[in-house]
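Visitor:
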Amino acid sequence: MNDLLADIEGDFRVREGWVYLQSAGAGLAFPGAADAAGQYFRDVALLGCDAQPQWRVEADGAKQRSAALLNVPADEVGFFRNTSEVLNLAANSMTWHAGDEIVVFADDYPCSLLAWTHATELGASLTMVHPTGPDTREQELLDSITPRTRVVCVSHVHPWTGVTLDLTRIGAACRDVDALFMVDGIQALGAIPVDLTMVDVYAAGVFKWLMSGFGTALGVFRERTRDVLTPIFRSYGNPPPSTSLSYAAPNFPGLYVLKATLRYLEEIGWARIHERVRELTGDLLVGLEGIGVPALTPAALRAGIIAIETADSAYVAAELQKRRVSVSDRAGRTLVSPHFYNSREDIDRFLEEFRDVVGNR
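Numbered by full-length UniProt numbering, the letters in the sequence shown go through residues 1 to 361 in order.
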């Protein structure tokens with residue numbers, strides 16, 4: 001871990017005296033991100049519309065690197081505005097019939113639930129799974145799949161508990177009933193390895209663990225979806241008979257940044273990044289146990305988010321903010337989300353301040 005810190009020394013300049021443990025909200029930008037975004041505008045300032053070939057080069061570079069990260073063909077990767085757009089495009093590009101079932105978690109992020117509003121108006125039914133605990137949510141989801149299931153839509157890493165799902169296992173259950181498996185991957189991609197072998201649609205904004213800012217999301221539509229999804233939006237990017245859901249120009253400045261960031265992360269090494277996140281969250285879990293505050297997130301199911309049940313999570317987050325420790329307050333829980341740029345000292349500082357805040361409440 002110290003070797004990685006030495007390699008990136010000086011790259012991340014968080015506010016002096018602060019500990020930033022909120023990468024599940026937004027990742028810190030690496031220094032080259034600002035220059036990459038600026039390069040787009042320098043190109044336009046110099047060339048105007050004649051810079052289009054360079055825009056395409058940068059966009060293609062971002063696509064190739066994204067495809068390599070996910071181990072999928074580049075032609076299955078598209079760029080959209082956000083995770084919600086990807087899931088809504090997928091949901092509304094399907095043909096729905098009365099009796100079709102869509103299986104979701106009742107406590108999932110809104111985009112995984114609300115994308116199906118129009119489908120239910122057309123006769124589909126929404127099966128809401130109410131998990132009884134972090135350890136049981138995956139099995140309870142599997143138990144809710146029936147022969148009438150057309151889609152299962154979940155978060156790869158649940159945003160409020162930090163629980164990671166086994167995509168291969170769930171995807172296999174979807175294949176058994178010929179259902180599509182759609183995944184919100186925003187809290188996974190960049191924090192843990194991702195295997196899309198059994199996933200049909202994968203949506204992930206890039207501003208969290210990929211550290212590339214708002215306004216861009218990856219949308220991966222596997223080969224299997226091309227016979228099922230008829231693009232709901234048509235424009236110059238996907239005229240008939242195209243099956244692509246990428247209908248117009250992407251966020252080119254954002255793709256300049258994404259390409260540069262992915263190159264930077266590749267140079268560090270994805271295996272090192274994933275290992276570092278796991279080490280830091282492991283240290284956090286051990287530390288919490290040591291101060292008598294068990295985490296809600298099971299150690300074996302963790303990714304980059306550790307959820308802690310507290311009596312007043314809003315108070316805890318506000319008090320920690322006063323002490324220059326940045327964490328999230330969501331769904332009545334304190335969420336701590338270190339990335340590879342954090343240190344063991346950051347974890348120790350959080351534990352010290354957290355214990356004091358909770359003890360004084």
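All C-beta atoms, glycine included, are put in the ideal place defined by N, C-alpha and C.
From residue 236 to residue 247, what distance separates their C-alpha atoms?
Guide: Distance between the alpha carbons of residue 236 and residue 247 is about 7 Å.
Visitor: Does the pairing of the region 187–198 with the region 80–97 give three or more beta-carbon distances under 8 Å?
Guide: Cβ pair count under 8 Å is below three, so no.
Visitor: Would you mind stating whether residue 204 and residue 186 have Cβ atoms separated by less than 8 Å?
Guide: For residue 204 and residue 186, yes; Cβs fall inside 8 Å.
Visitor: Using 10 angstroms around the beta-carbon of residue 353, count the other beta-carbons present and answer buried if the total reaches 16, otherwise exposed.
Guide: It counts as buried.
Visitor: Tell me where the beta strand (DSSP E) around residue 140 begins and ends.
Guide: Where residue 140 is concerned, there is no enclosing beta strand (DSSP E), although the alpha helix (DSSP H) it sits in stretches over 137–143.
Visitor: Would you kindly work out how many angstroms separate the C-alpha atoms of residue 34 and residue 257, rounded to a whole number?
Guide: Cα to Cα, the separation comes out at about 8 Å.
Visitor: Between which two residues does the beta strand (DSSP E) containing residue 205 stretch?
Guide: Where residue 205 is concerned, the enclosing beta strand (DSSP E) stretches over 201–205.
Visitor: What's the call for residue 250, buried or exposed, on a 16-neighbour Cβ count within 10 Å?
Guide: So residue 250 counts as buried.
Visitor: Starting from residue 38, trace the alpha helix (DSSP H) in both directions and tell me its first and last residue.
Guide: Start and end: 32–47.
Visitor: Check this for me: beta carbons of residue 19 and residue 328, under 8 Å apart or not?
Guide: No. Outside cutoff.
Visitor: Thinking C-alpha only, which one of 74, 51, 238 is nearest residue 62?
Guide: Comparing Cα-Cα distances from residue 62 to each of 74, 51, 238, the minimum goes to 74.
Visitor: So what does residue 6 bridge to, in DSSP terms?
Guide: The partner list for residue 6 (beta bridge, DSSP) is empty, contrary to what the question assumes.
Visitor: Output needed for residue 126: all residues of its chain with C-beta closer than 7 Å, excluding positions within five of it in sequence on either side, in chain order.
Guide: Closer than 7 Å at Cβ, skipping near neighbours: 102, 104, 116, 120.
Visitor: Can you give, in chain order, each stretch of the beta strand (DSSP E) that sits fully within the region 204–250 and has at least 3 residues?
Guide: List check, beta strand (DSSP E) in window: 217–221.
Visitor: How big is the Cα-Cα spacing for residue 17 and residue 141?
Guide: Distance between the alpha carbons of residue 17 and residue 141 is about 43 Å.
Visitor: Bridge partners for residue 84 per DSSP, in chain order?
Guide: Bridge partners of residue 84: none, in fact.
Visitor: Checking 8 Å against the spacing of the C-beta atoms, do residue 28 and residue 211 come in under that value?
Guide: Cβ atoms of residue 28 and residue 211: closer than 8 Å.
Visitor: What residues in its chain sit with their C-beta under 7 Å from that of residue 26, if we drop five residues either side in the sequence?
Guide: Within the same chain, residue 26 has close Cβ partners 207, 208.
Visitor: On the DSSP bridge assignment, give the partners of residue 126 in chain order.
Guide: For residue 126, which the question treats as bridged, DSSP gives the partners 102.
Visitor: Is it the case that the region 74–83 contacts the region 214–226, given that we only count it when at least three CB pairs across the two stretches are under 8 Å?
Guide: As far as the Cβ criterion goes, the region 214–226 touches the region 74–83, which means the pair count is three or higher.
Visitor: With DSSP collapsed to three states, give me the class of residue 305.
Guide: Residue state, collapsed to three classes: coil.
Visitor: Run the CB neighbour count on residue 152, radius 10 Å, all protein chains shown included, and call it buried at 16 or more, exposed below.
Guide: Residue 152 comes out buried.
Visitor: For residue 59 and residue 255, what's the separation of their Cα atoms in angstroms?
Guide: Their backbone Cα atoms lie some 6 Å apart in a straight line.
Visitor: Relative to the alpha-carbon of residue 363, which residue among 276, 150, 23, 241 has its alpha-carbon at the smallest distance?
Guide: Residue 363 is absent from the structure shown; the chain starts at 1 and stops at 361.
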